[in-house]
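**Q** Right, I'll just put the structure down here and ask away after.
Written as structure tokens, this is what we have:
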């Protein structure tokens, strides 16, 4: 979706992301930078934005299609792998919980994720392109209505809210011995913190089709998370809906 370039400077490596034209507004990118700067200061464990010599984070590039924005990020050390160990799954859960401790009640001037933009609007968009596939659309409409009802029955007072990543999976984190570094906060916004937990579990299931292996690593992830902060019963009841 965006163009990403690996930058070498001597022994150091960096990542330069060039956002697709009109994909994100300047304010949205500024808020992403604000979140990353906040998390870096609080707990680390993220690829963080780097300012230029004028102390500016965002570069404006006059591309043929129009203005595009570019941001330089630190390089997340380590390796990316879908088949990580049970111990690593525990580490990922613990690291995500530490990030959530810093982002709880942290508000961004970006999208607030809710039933409308997660469940209703996507189905309406799908109907514009796949209207002839009646059975598939009907299935999506039924599923969307069911999930919306379940989500709206949750007591929001028992759900932790704040800034969320919303794209936490193996493709957006690097593992370096005993350290996990998260990156690509392009979809960050406001929402229930358990969105990130549920999304990780969903992606874990997609890459671990063996039920026993999935359960072992899912349990390790959740156990790692709860060594840092407790997951409420209301949040736990949310998992089957989101996964």
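Numbering (the UniProt record's numbering), first residue to last: 1 to 243. Just so you know, even glycine gets a beta-carbon here, dropped at the ideal spot from N, CA and C. Keep in mind the model is a prediction, meaning the values are calculated, not measured.
For residue 196, which residues in the same chain have their Cβ closer than 8 Å to its Cβ, ignoring the five residues on either side in sequence?
**A** Hits under 8 Å: 96, 100, 164, 165, 166, 168.
**Q** Does the contact criterion of 3 or more C-beta pairs under 8 Å hold for the stretch 212-222 versus the stretch 134-142?
**A** Touching, no.
**Q** Do the stretch 177-185 and the stretch 44-60 touch if we need at least three Cβ pairs shorter than 8 Å?
**A** Flag = yes, the stretch 177-185 and the stretch 44-60 touch.
**Q** Work out the CA separation of residue 190 and residue 231 for me, nearest whole Å.
**A** Residue 231 and residue 190: Cα-Cα distance of roughly 18 Å.
**Q** Give me the Cα-Cα distance between residue 204 and residue 13, rounded to the nearest whole angstrom.
**A** Looking at the two C-alpha atoms, the distance is approximately 29 Å.
**Q** Buried or exposed: where does residue 108 fall if 16 or more other Cβ atoms within 10 Å of its Cβ makes it buried?
**A** Buried: at least 16 other Cβ atoms inside 10 Å.
**Q** Indicate whether residue 3 and residue 77 have their beta-carbon atoms separated by less than 8 Å.
**A** No, Cβ-Cβ distance for residue 3 and residue 77 is not below 8 Å.
**Q** Determine the closest residue to residue 146 out of 118, 186, 36, with distance taken between C-alpha atoms.
**A** That would be 118, whose Cα lies nearest to the Cα of residue 146.
**Q** Along the chain, which unbroken stretches of the alpha helix (DSSP H) at least 4 residues long are found entirely within the stretch 21-54?
**A** Counting only runs of 4 or more, we get 26-42.
**Q** In the DSSP assignment, what residue or residues form a beta bridge with residue 13?
**A** Bridge partners of residue 13: 8.
**Q** How would you label residue 20, buried or exposed, when you count the other beta carbons within 10 angstroms and need 16 or more for buried?
**A** Exposed: under 16 other Cβ atoms inside 10 Å.
**Q** How about residue 144 and residue 123: do their beta carbons lie closer than 8 Å?
**A** Cβ distance < 8 Å, so residue 144 and residue 123 count as in contact.
**Q** DSSP state of residue 73, grouped into three classes?
**A** It is a strand residue.
**Q** Along the chain, which unbroken stretches of the alpha helix (DSSP H) at least 4 residues long are found entirely within the stretch 124-205?
**A** Entirely contained in the stretch 124-205, the alpha helix (DSSP H) runs reaching 4 residues are, in chain order, 134-152.
**Q** Is the distance from the Cβ of residue 89 to the Cβ of residue 50 below 8 Å?
**A** Not closer than 8 Å, so no.
**Q** What's the gap between the Cα of residue 255 and the Cα of residue 36?
**A** Given a span of 1 to 243 for the chain in the structure shown, any question on residue 255 remains unanswerable.
**Q** On a CA-only basis, which of 59, 111, 72 is nearest residue 187? Give me that one, please.
**A** It is 111 whose Cα lies nearest to the Cα of residue 187.
**Q** On the premise that residue 115 lies in contact with residue 151, defined as a C-beta separation below 8 Å, what is that separation, rounded to the nearest angstrom?
**A** Indeed they touch by this definition, with Cβ atoms about 5 Å apart.
**Q** If you draw a straight line from the C-alpha of residue 211 to the C-alpha of residue 102, how long is it?
**A** About 33 Å.
**Q** Helix, strand or coil for residue 116? Go by DSSP, reduced to three states.
**A** Of the three classes helix, strand and coil, the one that applies to residue 116 here is helix, per DSSP.
**Q** Hey, how far is the Cα of residue 7 from the Cα of residue 149?
**A** Each residue's alpha carbon lies about 47 Å from the other.
**Q** Which partner residues of residue 18 appear in the DSSP bridge assignment?
**A** For residue 18, which the question treats as bridged, DSSP gives the partners 3, 70.
**Q** Starting from the Cα of residue 170, find the closest Cα among 161, 185, 200 and give me that residue.
**A** For residue 170, the nearest C-alpha among the options comes from 200.
**Q** Among the residues of its own chain, which have a CB less than 8 Å from the CB of residue 234, if the five just before and after it don't count?
**A** Closer than 8 Å at the Cβ level, and outside the excluded window around residue 234, lie 154, 155, 158, 159.
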